[in-house]
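Asker: Residue numbers (our numbering): 6 to 244.
Beta carbons: idealized from backbone N, C-alpha and C, even for Gly.
Predicted model only: the values in this text are computed from it and were never measured.
Here it is, the structure, as structure tokens.
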Amino acid sequence: MLPFVKKGQGEISLNPLSRRLPNEWEFSTPRGVGKPGGRQGAATRGGCISSNQQLTALVPLSGKALTASSYPTFFWSLPPTSAKKVEFILEDENDNEIYVTEYLLEELDSETDSTNRIIGLTLPKFAGLKPLETGKEYHWKLTLICDLSESTGINVEATIQRVELDPILARQIQEATPEERVTIYAKERLWNETLTTLFELRRSNPNDPELAAAWQKLLNSVQLQTVAQKTLPDDTISE
6 MLPFVKKGQG EISLNPLSRR LPNEWEFSTP RGVGKPGGRQ GAATRGGCIS SNQQLTALVP
66 LSGKALTASS YPTFFWSLPP TSAKKVEFIL EDENDNEIYV TEYLLEELDS ETDSTNRIIG
126 LTLPKFAGLK PLETGKEYHW KLTLICDLSE STGINVEATI QRVELDPILA RQIQEATPEE
186 RVTIYAKERL WNETLTTLFE LRRSNPNDPE LAAAWQKLLN SVQLQTVAQK TLPDDTISE
């Protein structure tokens, strides 16, 4: 029996989900914020994004996220683009490429071509890809390839570190509802789990105002207000 779990679940049920999420995900402004090669792709002359929107990695302002998953999902906001292909690269601490994949972008129809899309890519558990190791940092990079004949494009990048869950915390998560898990993940600052779980809830219940408020607050907490206002969860890619 875990009294803490019961108490937490009772408290959770009384408060809207949005009120249980932090106003600020990180407690201080990280150094180097806004430098090139970060979570937002810099606009390029003659590029494949014509609007003032940007390719954006959905990560905290520092560019670093924590996860408890051995095969996490990585998310980004994709603005309207004429690009045909996206490349994803995951590197270990020594800059060795451990996973590389490319996929062609589907043409947007006339009803969605003026909006951003949020897309997630889940690391596959096959093809010899080892799980992320606890305590180690990994670097990931997403490149929007504007010209198939060239290797250059618009890119974003970030880091991710896997942490090990305390057994009691792992049990709490296992016994919790999806909404309760969002709260637990956020309290532990497990960004990828918080975002992934809320993403799935929002996508399954697009007209739920409370989930919409929670989604916006979570993105606001990492200063992604523009993404929160203009973008709805779209799809995930499983290799």
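1. When we look at the beta-carbon of Ala132 and count the other beta-carbons within 10 Å, is it buried (16 or more) or exposed?
2. Ordered along the chain, which non-local residues of its own chain (more than five positions away) have a Cβ less than 6 Å from that of Glu169?
3. Looking at the secondary structure, which residues open and close the beta strand (DSSP E) in which Val105 lies?
4. Which word fits Asn121, buried or exposed, when buried means at least 16 other C-beta atoms lie within 10 angstroms of its C-beta?
5. By DSSP, does Ile165 sit in helix, in strand, or in coil?
6. As an exercise, report each continuous beta strand (DSSP E) stretch of at least 3 residues that is fully enclosed by the segment 195-227, in chain order.
7. Can you tell me where the beta strand (DSSP E) holding Ala70 begins and where it ends?
8. Sorted by chain position, which residues of the same chain lie with C-beta nearer than 6 Å to Leu128's C-beta, five sequence neighbours on each side aside?
9. Taking all protein chains shown into account, decide if Arg186 is buried (16 or more other Cβ within 10 angstroms of its Cβ) or exposed.
10. Looking only at its chain, what residues have a beta carbon closer than 8 Å to the beta carbon of Gln166, apart from the 5 residues adjacent to it on each side?
11. In terms of alpha-carbon separation, which member of Ile189, Ile159, Leu110 lies closest to Lys173?
12. What do you get for Leu224, buried or exposed, if any count of 16 or more other CB atoms within 10 angstroms of its CB means buried?
13. Considering only their Cβ atoms, is the gap separating Ser82 from Ala219 smaller than 8 Å?
14. For Leu83, which residues does DSSP report across the bridge?
15. Taking only three categories from DSSP, how would you classify Val91?
16. Can you tell me whether Ala88 is buried or exposed, with buried defined as 16 or more other CB within 10 angstroms of its CB?
17. So, for Thr199: in the same chain, excluding its five sequence neighbours on each side, which residues have a beta-carbon less than 7 Å away from its beta-carbon?
18. From Thr61 to Asp152, what does the alpha carbon distance come to, in whole angstroms?
19. Let me know if Ala229 comes out buried or exposed under the rule of 16 or more other beta-carbons within 10 Å of its beta-carbon.
20. Where do the ends of the beta strand (DSSP E) carrying Leu149 lie?
21. Beta-carbon within less than 7 Å of Gln58's beta-carbon, same chain only, minus the 5 sequence neighbours each way: which residues are those?
22. Please report the straight-line C-alpha distance between Lys135 and Glu98, rounded to a whole angstrom.
23. Take the Cβ of Ala175 as the centre, count every other Cβ of all protein chains shown within 10 Å, and call the residue buried at 16 or more, exposed below.
Answerer: This is what the structure holds:
1. Residue mapping note: residue 132 aligns to position 127 of the sequence shown, counting from 1. The residue is exposed, with fewer than 16 neighbouring Cβ atoms inside 10 Å.
2. Taking the first residue of the sequence shown as 1, we reach residue 169 at position 164. These residues qualify, in order along the chain: Thr139.
3. Position 100 of the sequence shown, counting from 1, holds the residue named residue 105. Per DSSP, Val105 belongs to the beta strand (DSSP E) from 102-109.
4. Position 116 of the sequence shown, counting from 1, holds the residue named residue 121. With 16 or more Cβ atoms within 10 Å of its Cβ, Asn121 is classed as buried.
5. As a working note, residue 165 is residue 160 in the sequence shown. Reduced to three states, the DSSP call for Ile165 is strand.
6. none
7. Looking up residue 70 in the sequence shown gives position 65. 69-72 is the extent of the beta strand (DSSP E) around Ala70.
8. Position 123 of the sequence shown, counted from the start, is the residue given in the question as residue 128. Excluding positions up to five away in sequence, the list reads Tyr76.
9. Within the sequence shown, numbered from 1, the residue matching residue 186 stands at position 181. So Arg186 counts as buried.
10. Your numbering for residue 166 matches position 161 in the sequence shown. For Gln166, where only same-chain residues beyond five positions count, the Cβ hits under 8 Å are Lys69, Ala70, Leu71, Thr72, Gly140, Lys141, Glu142, Tyr143.
11. To locate residue 173, count along the sequence shown from 1; it is residue 168. Reading off the sequence, residue 173 comes out as Ile, not Lys. When each option's Cα is compared against that of Ile173, the closest is Ile189.
12. Numbered from 1 along the sequence shown, position 219 holds the residue referred to as residue 224. Flag for Leu224 reads buried.
13. To locate residue 219, count along the sequence shown from 1; it is residue 214. To locate residue 82, count along the sequence shown from 1; it is residue 77. No.
14. Residue mapping note: residue 83 aligns to position 78 of the sequence shown, counting from 1. BP columns for Leu83 point to Arg122.
15. Position 86 of the sequence shown holds residue 91. Three-state DSSP puts Val91 in a strand.
16. Start at 1 with the first residue of the sequence shown, and residue 88 comes out as number 83. Counting Cβ neighbours within 10 Å, Ala88 comes out buried, since at least 16 surround it.
17. The residue labelled residue 199 in the question sits at position 194 within the sequence shown. The answer, listed in chain order, is Val187, Tyr190, Ala191, Leu223.
18. As a working note, residue 61 is residue 56 in the sequence shown. As a working note, residue 152 is residue 147 in the sequence shown. Going by the C-alpha atoms only, they are around 19 Å apart.
19. Along the sequence shown, read from residue 1 onward, the residue named residue 229 stands at position 224. Strictly speaking, residue 229 in this sequence is Leu, with Ala absent from that position. Flag for Leu229 reads buried.
20. For the purposes of this step, residue 149 is taken as the residue at position 144 of the sequence shown. Start and end: 142-150.
21. As a working note, residue 58 is residue 53 in the sequence shown. Pro84, Asn121.
22. By one-based count along the sequence shown, residue 135 stands at place 130. By one-based count along the sequence shown, residue 98 stands at place 93. If I take the Cα positions, the gap works out to 14 Å.
23. Counting from 1 along the sequence shown, the entry for residue 175 is found at position 170. With fewer than 16 other Cβ atoms within 10 Å, it is exposed.
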